[in-house]
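Colleague: Sending over a structure as structure tokens; questions will come in a sec.
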Amino acid sequence: MSSLEKLQSLTDQMHLEPSEDADCPAMPAKHKNDVMVGTAALPNGRQIKLLKTLLTSACERNCYYCPFRAGRDFRRATFTPDEMAETFTAINRAGAAEGVFLSSGIIRGGISSQDKLIDTAEILRHKYRFNGYIHLKIMPGAERAQVERAMQLANRVSINLEAPNTSRLEKLAPRKQFLDELIQPLRWVEEIRRSQPQHLGWNGRWPSSVTQFVVGAVGESDLELLETTEKTYRQLRLQRAYFSAFHPIEGTPLENLPATPLVRQNRLYEASFLLRDYGFSVEELPFDSHGNLPLNLDPKLAWAEMYLNEKPVELNHASRQELMRVPGIGAKGAAAILTARQQNKLQELEDLKRLGINSSKAAPFILLNGKKPAHQLSLI
Ligand code: SF4
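Under the working numbering, the first residue of the sequence shown is numbered 2, with each subsequent residue one higher.
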């Protein structure tokens with residue numbers, strides 16, 4: 002098999018994940034040579050093409066949802082660190098991918114697999130002088146020194162929690178240990194960022210960290226997922242939690258379960274942004290009696306219908322945080338209102354439209370100079 006064929010066989014089996022940092026989750030596109038290329042957003046907002054791949058599709062673990070689980074019948078492929086670094090460098094120099102997201106199946110334990118990922122990044126950085134974007138996966142069971150070395154080489158590191166707590170993880174990935182193997186490395190990432198100088202990180206800054214959950218395979222509620230998400234944002238300073246709607250894969254123990262509707266995944270993203278960027282706490286989110294979000298409404302709108310119909314927000318006096326709770330007003334809209342009202346009072350919906358705000362979405366929940374603005378009720 003050529004390197005490209007090996008890469009193709011690896012990425013063909015990979016579960017499609019949302020593009021990194023895309024606000025609306027989108028499936029990665031495939032490059033014309035049929036290897037998996039998605040996108041990632043750099044801190045300056047520029048989108049880059051990202052090769053998402055594994056060092057090996059062999060794995061000794063047996064996570065119930067995973068196409069790479071031990072014993073599943075398909076053709077496995079493995080790269081040495083040198084081969085992977087050389088292959089990515091060729092792809093990068095051909096202009097097909099500007100960055101790489103490197104993960105791996107686990108063979109001979111997490112420590113050994115982590116070493117290979119680190120070796121690949123070392124070769125890319127030092128032999129091939131690759132200064133671009135590297136996202137390195139931290140393997141379950143990796144050691145603290147390995148986490149630190151990965152953080153000196155990568156722009157981003159990640160550990161997938163997969164489930165919101167120990168009992169749910171046991172039903173999804175029985176050989177992964179939630180606290181010791183998954184949460185602990187995320188703690189180390191944050192400890193290292195807090196205690197060691199930035200210049201030790203790649204290009205003078207420590208990497209961001211992210212995680213991912215599988216949604217809907219083991220009966221977990223949105224409340225469970227979002228409670229853990231909130232903790233990872235507040236206590237471990239994760240940049241983002243990704244949510245991946247479960248879809249059954251043939252030849253796995255969960256093959257007969259129904260797929261999770263994508264709309265649930267999207268509602269979880271919306272709610273997680275409310276926790277991360279809009280000052281909401283998990284207790285405030287509009288869960289039903291089973292701990293799930295409504296599927297038919299975005300959670301900010303559902304919250305506003307419960308609380309702002311009776312107590313609309315006066316846009317001429319509200320704080321930034323209060324403004325951002327109004328449907329149709331985000332961080333940019335709130336900043337525009339705060340600036341505009343220093344000059345003149347906001348009087349009508351036209352004033353909001355001029356600021357680029359979705360005034361029809363906001364109208365039912367606001368006061369302008371003490372009055373409820375007249376607005377057309379949506380018939381849909
Ligand atoms: S450890 Fe990773 S690659 Fe292996 S079965 Fe579990 S999820 Fe799949």
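Where a beta carbon is used, it is the ideal one built from N, C-alpha and C, also for glycine.
Values in this document were obtained by computation on a predicted structure and should not be read as measured data.
Alpha carbon to alpha carbon, how far is Lys31 from Leu51?
Modeller: Because Lys31 sits at a pLDDT of 40, beneath the cut-off of 50, its placement in the model cannot be relied upon, and the following sentence gives the value as read from the coordinates. Cα to Cα, Lys31 sits roughly 10 Å from Leu51.
Colleague: Can you tell me the Cα-Cα spacing of Asn93 and Glu99, whole angstroms?
Modeller: Near 6 Å, if we compare the C-alpha coordinates of Glu99 and Asn93.
Colleague: Using 7 Å as the threshold, is the C-beta distance between Leu55 and Met85 below it?
Modeller: Taking 7 Å as the Cβ cut-off, Leu55 and Met85 do not qualify as a contacting pair.
Colleague: Look at Val148 and Pro208 and say whether their C-beta atoms are less than 7 Å apart.
Modeller: Against a cut-off of 7 Å, the Cβ pair of Pro208 and Val148 comes out as no contact.
Colleague: What is the C-beta distance between Met152 and Val190, in whole angstroms, given that I count them as a contact (C-beta under 8 Å)?
Modeller: Right, their Cβ atoms sit about 7 Å apart.
Colleague: Could you tell me which whole beta strand (DSSP E) segments of length 3 or greater appear in the segment 206 to 279?
Modeller: Counting whole runs of 3 or more residues, the segment 206 to 279 contains the beta strand (DSSP E) stretches 209 to 216 and 241 to 246.
Colleague: Between the segment 57 to 64 and the segment 176 to 196, do three or more beta carbon pairs fall short of 8 Å?
Modeller: The segment 57 to 64 vs the segment 176 to 196: in contact.
Colleague: Within the continuous alpha helix (DSSP H) that includes Ser113, where are the two ends?
Modeller: First-last of the alpha helix (DSSP H) with Ser113: Gly110 to Glu123.
Colleague: Does ligand 1 have even one heavy atom less than 6 Å from the beta-carbon of Phe69?
Modeller: Checking the Cβ of Phe69 against ligand 1 gives yes.
Colleague: Taking the C-alpha atoms as reference points, what is the distance between Leu269 and Gly142?
Modeller: So the alpha carbons of these two residues sit roughly 28 Å apart.
Colleague: Determine the extent of the beta strand (DSSP E) in which Ile390 is found, giving its start and end residues.
Modeller: Any property of residue 390 remains undetermined from this structure, which presents the chain solely from 2 to 381.
Colleague: Could you compute how far the alpha carbon of Pro262 sits from the alpha carbon of Arg195?
Modeller: Between Pro262 and Arg195, the C-alpha separation is close to 38 Å.
Colleague: Do you know how far the Cα of Met2 is from the Cα of Ala272?
Modeller: Ala272 and Met2: Cα-Cα distance of roughly 45 Å.
Colleague: Classify Phe69 as helix, strand or coil using the three-state DSSP reduction.
Modeller: The answer is coil: DSSP assigns Phe69 none of H, G, I, E or B.
Colleague: Tell me whether the beta-carbon of Asn317 lies closer than 7 Å to the beta-carbon of Arg342.
Modeller: Yes, these two residues count as a Cβ contact at 7 Å.
Colleague: Quick check: is any heavy atom of ligand 1 less than 6 Å from the C-beta of Ile107?
Modeller: Under cutoff, so the answer is yes.
Colleague: If you draw a straight line from the alpha carbon of Ser282 to that of Ala218, how long is it in whole angstroms?
Modeller: Answer to the nearest angstrom: the Cα atoms are 25 Å apart.
Colleague: To the nearest angstrom, report how far apart Met1 and Gln266 are at their CA atoms.
Modeller: For residue 1 there is no data in the structure shown, the boundaries of the chain being 2 and 381.
Colleague: For the alpha helix (DSSP H) that contains Lys301, what are its first and last residues?
Modeller: Here the alpha helix (DSSP H) through Lys301 covers Pro300 to Tyr308.
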